[in-house]
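K.L.:
Supplied in structure tokens, the structure appears directly below.
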Amino acid sequence: MPKKARKRVPLTEEERLLMMQQKQLAEEELNKKKEDMLAQFLKDKLAKEEHNSILNMNKITLQWRTVLREVKARELRKDIEILSQTFERVVDCKDSVIKSLAKDLAEAEAQYAHALRSHLHSIDQLLQLQHCRLGYLEEDYHTELEALQKEFDTERKKIIEYHEQEIRYLQDVLLAMEQNFGESEYEAKLDFQSTRDDVKNKNLEEKHYLRMQLEGKVEELWKRFQLALRNYTEATEDRKIAFEALKLKDEKSTKEIEMQMKKLQKMQDLILSLKNKIAAHARDCEEQNRRIRDEKEVVLKQLQKLKSEMNRARAKARSNLAKLTMESCATLKLLQRVVEKAELILRLAEMCRKLESEEEKVLPFYVCSLGWEEQKTVDKVALEKPVEPLAQMMDDYVGLERFWQRYNKVRLEQLSLERTKAALAQDNQKLRHLLKQYLDGISVNDEVLSQVNPLMIVNQHTVVPALPHTVPVSDARVKRPIYNIVEAAHEVKRIL
Numbered sequence: 007m008p009k010k011a012r013k014r015v016p017l018t019e020e021e022r023l024l025m026m027q028q029k030q031l032a033e034e035e036l037n038k039k040k041e042d043m044l045a046q047f048l049k050d051k052l053a054k055e056e057h058n059s060i061l062n063m064n065k066i067t068l069q070w071r072t073v074l075r076e077v078k079a080r081e082l083r084k085d086i087e088i089l090s091q092t093f094e095r096v097v098d099c100k101d102s103v104i105k106s107l108a109k110d111l112a113e114a115e116a117q118y119a120h121a122l123r124s125h126l127h128s129i130d131q132l133l134q135l136q137h138c139r140l141g142y143l144e145e146d147y148h149t150e151l152e153a154l155q156k157e158f159d160t161e162r163k164k165i166i167e168y169h170e171q172e173i174r175y176l177q178d179v180l181l182a183m184e185q186n187f188g189e190s191e192y193e194a195k196l197d198f199q200s201t202r203d204d205v206k207n208k209n210l211e212e213k214h215y216l217r218m219q220l221e222g223k224v225e226e227l228w229k230r231f232q233l234a235l236r237n238y239t240e241a242t243e244d245r246k247i248a249f250e251a252l253k254l255k256d257e258k259s260t261k262e263i264e265m266q267m268k269k270l271q272k273m274q275d276l277i278l279s280l281k282n283k284i285a286a287h288a289r290d291c292e293e294q295n296r297r298i299r300d301e302k303e304v305v306l307k308q309l310q311k312l313k314s315e316m317n318r319a320r321a322k323a324r325s326n327l328a329k330l331t332m333e334s335c336a337t338l339k340l341l342q343r344v345v346e347k348a349e350l351i352l353r354l355a356e357m358c359r360k361l362e363s364e365e366e367k368v369l370p371f372y373v374c375s376l377g378w379e380e381q382k383t384v385d386k387v388a389l390e391k392p393v394e395p396l397a398q399m400m401d402d403y404v405g406l407e408r409f410w411q412r413y414n415k416v417r418l419e420q421l422s423l424e425r426t427k428a429a430l431a432q433d434n435q436k437l438r439h440l441l442k443q444y445l446d447g448i449s450v451n452d453e454v455l456s457q458v459n460p461l462m463i464v465n466q467h468t469v470v471p472a473l474p475h476t477v478p479v480s481d482a483r484v485k486r487p488i489y490n491i492v493e494a495a496h497e498v499k500r501i502l
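Here the sequence shown is numbered in my numbering, starting from 7 and rising by one per residue.
Below you can see the structure in the form of structure tokens.
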């Protein structure tokens, strides 16, 4: 049997209020615990989500970085390939420039060698001319030296002969004087001996006679003489000294006079020889002056001739200078025009370079369509030395081979585009004609009805005249090429 339910005891008002307050407090505590648990759960979940988001972001960044690295590596590989091909193309251009410069250098060296040979030849000619001139001058010197030696020898012989004649004359005079002096000396000796003997005898006689008479007088006279001598000595002492001085001076003057006479004789002889030399030299000088006058006339004639030639050469040089100035001005203008044209070409080439595609930048020259045998034949013909003038002129433009290749490529593309344009224009005209026929067929008016209607079928045949046989669109002959379209705004940004 089920238990009987207990009967509820009715609560008082205070107990009910207290219970309600307890319930409210319990509910508030429970709500607060729930809010705290919910806040803690949300915080933990937020932290976990942040940690997971950071981890996932790092993973995404790592994967994205790997993808970007692969993309960047592919781009860098592609750029490296483009740059390597561009570098090879630049290296080929540089090689061609180096070959052309080497060829110019070889030509310059050949010109320098030719100029050096001509200069050395001119120097040899000038040296030969100088040697000839020195030979002529040496011959003239030897001839004049021989003439002077002959003149000196003749004059020396004349002087020696004159000296020998004078010596012989003086020897004859000396011999004659010695003979005369010997004869006179012998006669004088004889006269002197006889006179001396006579005088000696007379003197002896007179001496004995006079000795006796004169002994007394001698003593007296000796006294007088001594007195007079003292007086004279005292009176003429100054005069004696002056006399001695004048005597010495007279001896010196005599010696000087003799020396001056000798010098005067020598000077007279020298004057005579100098007069003879002067006369000979005057004759030689007159002859030389005559030759010099003749040479002067010849030199004056040559000078007049050289002046006239120099005036003609100056006039010719002046005209050549004026012509050269005019030609140089014209050349400068032409070169200025060429430079302007070259700058324009370079600017256009730079603009065209910006408009080139990646394929054209990598491979600017089209691949040769010749076979191996044909290419070998062309290379063999190119190595042969040209004979015709036109072929020889073409050798000067070998460096433009690459330019002509690109030019021919552009020209072929231009012709191809023109033909494509013409084909497209023809197709457009046909489509316009068909569209016009269609529009005329669907419209009803007097003008359309008066003409042939392409939509009207009579006996299962259209009344439109048959069109000529057309090429199908899928045919390769009219297949449209694929073009890379670049926006104009992008190109304008690249150009500007």
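Beta carbons: idealized from backbone N, C-alpha and C, even for Gly.
Keep in mind the model is a prediction, meaning the values are calculated, not measured.
If you run the structure through DSSP and keep just helix, strand and coil, what is E21?
P.N.:
Looking at E21 - three-state DSSP - the assignment turns out to be helix.
K.L.:
If you drop the 5 nearest sequence neighbours on each side, which residues of the same chain put their C-beta closer than 7 Å to that of E87?
P.N.:
Closer than 7 Å at Cβ, skipping near neighbours: no residue.
K.L.:
When the Cα atoms are used, what is the spatial distance from L361 to L354?
P.N.:
Going from the Cα of L361 to the Cα of L354 covers about 10 Å.
K.L.:
Can you grab the Cα-Cα spacing for the pair L352 / T72, in whole Å?
P.N.:
The alpha-carbon atoms of L352 and T72 are separated by roughly 43 Å.
K.L.:
Three or more C-beta pairs under 8 Å: does that hold for the region 404-413 against the region 92-109?
P.N.:
Segments in contact, yes.
K.L.:
Rounded to whole angstroms, what is the Cα-Cα separation between R162 and I173?
P.N.:
The alpha-carbon atoms of R162 and I173 are separated by roughly 16 Å.
K.L.:
Tell me which same chain residues have a C-beta within less than 6 Å of the C-beta of A11, skipping the five on either side of it?
P.N.:
Low confidence applies here, because A11 scores a pLDDT of 45, under 50, leaving its location unreliable; read the following figure in that light. For A11, where only same-chain residues beyond five positions count, there are no Cβ hits under 6 Å.
K.L.:
Could you pull out every residue in the same chain whose Cβ sits closer than 8 Å to the Cβ of D275, ignoring the five residues on either side in sequence?
P.N.:
Same-chain partners within the cutoff: there are none.
K.L.:
Could you check the C-alpha separation between L309 and R318 for me, to the nearest Å?
P.N.:
Between L309 and R318, the C-alpha separation is close to 14 Å.
K.L.:
Should N465 go down as buried or exposed, given a rule of 16 or more other Cβ atoms within 10 Å for buried?
P.N.:
Low confidence applies to N465: its pLDDT is 47, below 50, so where it sits in the model is not reliable enough to give any reading.
K.L.:
For E394, name the three-state secondary structure that DSSP assigns.
P.N.:
In the structure shown, E394 sits in coil (DSSP, three-state: anything other than H, G, I, E or B).
K.L.:
Would DSSP call S363 helix, strand or coil?
P.N.:
In the structure shown, S363 sits in coil (DSSP, three-state: anything other than H, G, I, E or B).
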